[in-house]
Amino acid sequence: MACILTFIEQRDGGIRKASLEALSEAHRLATANGLHVCAVLVGHGIAGKAAELGRYGAGAVFVADEEKLARYSSEGYAAALKLAVEKCQPSAVFLAATAMGRDLSGRIAARLGVGCIADVTHLGVEGGEFVAARPVYSGKAMATVDGGAAKPVVITLRPNVFPAAAGAGDAAVEMLAAITTPIRAVVREVVDAAGGELDVAEANVIVAGGRGMKGPENFALIRDLAHSLGGAVGASRAAVDAGWIEHSHQVGQTGKVVSPSLYVACGISGAIQHLAGMSSSKIIVAINKDPEAPIFKVADYGIIGDLFQVLPALTAEVKTLKAEA
Amino acid sequence: MNCCVLMAQVPDTASVIKVGAAGNRIDEAGIKWIVSPTDEYALEEAIRLKEAKGGSVTVISYGPEGADRTPQGLRECLARGADAAVHVKGGERTLGDSLTIARVLAEAVRKVGPFDLVLAGVKGVGTDNGLVGAMVAELLDLPHVADVTKLEIGDTKLTAHREIEGGAEVVDAPLPCLITAQKGLNEPRYPSLKGIMASKRVPIQAFAVADLGLDEAKLVGDEARSRWRSLALPQAKSGGSVIKGEEDPSGAAAQLARLLREQAKAI
Numbered sequence: 008m009a010c011i012l013t014f015i016e017q018r019d020g021g022i023r024k025a026s027l028e029a030l031s032e033a034h035r036l037a038t039a040n041g042l043h044v045c046a047v048l049v050g051h052g053i054a055g056k057a058a059e060l061g062r063y064g065a066g067a068v069f070v071a072d073e074e075k076l077a078r079y080s081s082e083g084y085a086a087a088l089k090l091a092v093e094k095c096q097p098s099a100v101f102l103a104a105t106a107m108g109r110d111l112s113g114r115i116a117a118r119l120g121v122g123c124i125a126d127v128t129h130l131g132v133e134g135g136e137f138v139a140a141r142p143v144y145s146g147k148a149m150a151t152v153d154g155g156a157a158k159p160v161v162i163t164l165r166p167n168v169f170p171a172a173a174g175a176g177d178a179a180v181e182m183l184a185a186i187t188t189p190i191r192a193v194v195r196e197v198v199d200a201a202g203g204e205l206d207v208a209e210a211n212v213i214v215a216g217g218r219g220m221k222g223p224e225n226f227a228l229i230r231d232l233a234h235s236l237g238g239a240v241g242a243s244r245a246a247v248d249a250g251w252i253e254h255s256h257q258v259g260q261t262g263k264v265v266s267p268s269l270y271v272a273c274g275i276s277g278a279i280q281h282l283a284g285m286s287s288s289k290i291i292v293a294i295n296k297d298p299e300a301p302i303f304k305v306a307d308y309g310i311i312g313d314l315f316q317v318l319p320a321l322t323a324e325v326k327t328l329k330a331e332a
Numbered sequence: 218m219n220c221c222v223l224m225a226q227v228p229d230t231a232s233v234i235k236v237g238a239a240g241n242r243i244d245e246a247g248i249k250w251i252v253s254p255t256d257e258y259a260l261e262e263a264i265r266l267k268e269a270k271g272g273s274v275t276v277i278s279y280g281p282e283g284a285d286r287t288p289q290g291l292r293e294c295l296a297r298g299a300d301a302a303v304h305v306k307g308g309e310r311t312l313g314d315s316l317t318i319a320r321v322l323a324e325a326v327r328k329v330g331p332f333d334l335v336l337a338g339v340k341g342v343g344t345d346n347g348l349v350g351a352m353v354a355e356l357l358d359l360p361h362v363a364d365v366t367k368l369e370i371g372d373t374k375l376t377a378h379r380e381i382e383g384g385a386e387v388v389d390a391p392l393p394c395l396i397t398a399q400k401g402l403n404e405p406r407y408p409s410l411k412g413i414m415a416s417k418r419v420p421i422q423a424f425a426v427a428d429l430g431l432d433e434a435k436l437v438g439d440e441a442r443s444r445w446r447s448l449a450l451p452q453a454k455s456g457g458s459v460i461k462g463e464e465d466p467s468g469a470a471a472q473l474a475r476l477l478r479e480q481a482k483a484i
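As given, the protein sequences belong to chains A and B, one line each in that order.
Going left to right, the first sequence walks through residues 8 to 332 as my numbering numbers them.
Going left to right, the second sequence walks through residues 218 to 484 as my numbering numbers them.
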């Protein structure tokens, strides 16, 4: 019987939540369509993490555990992933649409000569084919896409969209043979962003500031609210281009695409290029003094007012509510 | 240092999107086409490398035969400082099929190369797949580094900073290599008047897909690797709860916090 193979991303031995989301979605689709669920874990010193993937629905886990795979390499990881594909002959390969998954998906699809559907927000199986929906053109349209006739189809799933669902279950663990491909592009070191701040691409809550923040010093108000909510600091292109905050915080078409449970847009007018990066957020809050700002059209909640007065008050309210809980 | 830049034309990000008659792609009437914004970073980096180390910059684009947009995009690249431009004619039906696009571009690079460095933007803005760079690298058996925000090039190798969640990977790779350019790599220049005038004298080389030894009808038929079945406009969101907070910002903040806790269950 055919299977869905999910690539499990780890960094420094920690399995990434976005991969557990992808694995859970594979399990959900497999259960509904009579498919097996396999997973592949690549890295070094990570074999001990394999069995726990059974709780997310994997029946079998293939493990590539080698020193030269300790850090990400598109060439090395694609070689290991291909070994797993040969073992289980999947009808689909799922990856989280993270920096690693987005990169690896292109390599492996080209190596296998198959299609890739990128950054999907909805998935189904129709007549034995995987059919996905994904936002295109800044979220101004949704495309329904399939992967053509070749199998397996490679699919990357947008983080924070599909729920991770842990249950009970055991996975059979199988070690893969050593890869033989030479690794030419080698990660020499991994540099953490200044301050080790939570990245917007991984955050469940994002508080973002735009042109209305008026200057870099006022991002402290954004940080205070973000920290009180346990979230990350985001920014619009206007704030990044003004030099108030680094590009790694930028949400939008030329920044990151995010899908948190809560997105608070402060002093952001809501240009279509910004909406492209955050419109799939579950709850959107807008704080802006301009009642005509387009951001209010996509917001679930909003305050028309002076963010320099609203933000400190909101931070205090959140702290009070959190303290009560 | 001979560089090749892979360039795509995309609808201006401010375009109004309508679904075309076929139901699975946009209505192109009235669309203004631009060089994909991330490709501008790739082109700028290639021009800077040429200025620092000599060599040349060749831009390759795969785009429709009948429309002006590909020659226009290529002229813009020449005006900014590219030396040669190649138009592979076709692609009307490859929409969103990254592997087909990569197969055509890889053969074009092989035909007009060799190059020390191939550059592309991280994604074609609009279709947002972000796959073509890694796919071309694989098809040409090149190493690659994606999402590059900083690049240093030596004679035989490069060091690139690649943006990842919460930081960056510092990657060493031998040349020839492929990189995809991310915002932050550089600040693209505007074409100069002199560049615009000079670009008009540079001939654009044109190839058919068949000239590359590929059968486009097959590539978009049996060998299609991704198909858009349908395209739909999302339903407009119905109005949210907006609180007027001009008079009493603290009261508005308290009301919002309560709604987020009790109604949205978001905090």
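Don't be surprised by glycine CBs; every beta carbon is placed ideally from N, CA and C.
Subject >> Whole-number beta carbon distance between residue 28/A and residue 103/A, since they are thought to touch under 8 Å >> reply: 7 Å
**OP:** Answer yes or no: does any C-beta atom of chain A fall closer than 8 Å to that of residue 389/B?
**Re:** yes
**OP:** Counting only runs of 3+ residues fully inside the region 305 to 336 of chain B, write out the beta strand (DSSP E) ranges in chain order.
**Re:** none
Subject >> Beta-carbon proximity of residue 195/A to residue 372/B, cut-off 8 Å >> reply: Using a Cβ distance threshold of 8 Å, residue 195/A and residue 372/B do not count as a contacting pair.
Original post:
Distance, Cα to Cα, residue 467/B vs residue 255/B?
Top reply: Just so you know, the alpha carbons of residue 467/B and residue 255/B end up roughly 42 Å apart.
Subject >> Given residue 75/A as reference, the closest of 159/A, 87/A, 68/A once Cα atoms are compared >> reply: 87/A
Subject >> residue 471/B versus residue 144/A - alpha carbon distance >> reply: 37 Å
**OP:** Closer than 9 Å by beta-carbon distance: list the chain B residues that pair up with residue 304/A, in chain order.
**Re:** Residues of chain B passing the Cβ test: 453, 454, 456, 457.
Original post:
Is DSSP giving residue 263/A helix, strand or coil here?
Top reply: If DSSP states are grouped into helix, strand and coil, residue 263/A belongs with the strands.
**OP:** Have a look at 276/A, 283/A, 149/A, 237/A and flag the residue whose alpha-carbon is nearest the alpha-carbon of residue 269/A.
**Re:** Of 276/A, 283/A, 149/A, 237/A, the residue nearest in Cα terms is 237/A.
Original post:
Can you list, in chain order, the residues of its chain whose CB lies under 6 Å from that of residue 153/A, leaving out five sequence neighbours each side?
Top reply: 136, 138
Original post:
Just curious, the beta strand (DSSP E) that residue 364/B is in, first and last residue?
Top reply: 361 to 370
Original post:
Going by Cα to Cα distance, which pick from 439/B, 225/B, 459/B, 480/B is closest to residue 489/B?
Top reply: No information on residue 489/B is available, as it lies outside the stretch 218 to 484 that chain B covers here.
**OP:** Could you name the residues of the same chain whose beta carbon sits closer than 6 Å to that of residue 302/B, not counting the 5 residues immediately before and after it, in chain order?
**Re:** Result list for residue 302/B: 276, 291, 295, 421, in chain order.
Original post:
Just to confirm, are residue 120/A and residue 156/A a CB contact at a threshold of 8 Å?
Top reply: no
**OP:** Compute the distance between the beta-carbons of residue 285/A and residue 325/A, then report whether it is under 8 Å.
**Re:** no
Original post:
Should residue 454/B go down as buried or exposed, given a rule of 16 or more other Cβ atoms within 10 Å for buried?
Top reply: It counts as exposed.
Original post:
What are the start and end residues of each continuous beta strand (DSSP E) run of 3 or more residues lying completely inside the region 169 to 195 of chain A, in chain order?
Top reply: 179 to 182
Original post:
At which residues does the alpha helix (DSSP H) containing residue 242/B begin and terminate?
Top reply: Looking at the DSSP string, residue 242/B is not in any alpha helix (DSSP H), and its letter there is neither H nor E.
**OP:** Identify the contact partners of residue 461/B in chain A, using a Cβ-Cβ distance below 7 Å as the criterion.
**Re:** 311
Original post:
Does any CB atom of chain A fall closer than 8 Å to the CB of residue 245/B?
Top reply: Taking Cβ atoms only, chain A never reaches closer than 8 Å to residue 245/B, which makes this a no.
**OP:** May I ask you to list, following chain order, the residues of the region 355 to 368 of chain B that have a beta carbon less than 9 Å from some beta carbon of chain A?
**Re:** 355, 356, 359, 360, 361, 362, 363, 364, 366
**OP:** For residue 352/B, count neighbouring Cβ atoms within 10 angstroms of its own Cβ and tell me buried if that reaches 16, exposed if not.
**Re:** It counts as buried.
**OP:** Kindly list, in the order they appear in chain B, the residues whose Cβ is closer than 9 Å to that of residue 254/A.
**Re:** Those within 9 Å of residue 254/A in chain B are 366, 380, 399, 400, 401.
**OP:** With a threshold of 16 other CB atoms inside 10 Å of the CB of residue 450/B, please say whether the residue is buried or exposed.
**Re:** exposed
Subject >> Near-chain D residues of the region 280 to 300 of chain A - C-beta to any C-beta below 9 Å >> reply: This model lacks chain D altogether, as its protein chains are A and B.
Original post:
From what residue to what residue does the alpha helix (DSSP H) around residue 216/A run?
Top reply: Counting along the chain, residue 216/A falls outside any alpha helix (DSSP H), though it belongs to the beta strand (DSSP E) covering 212 to 216.
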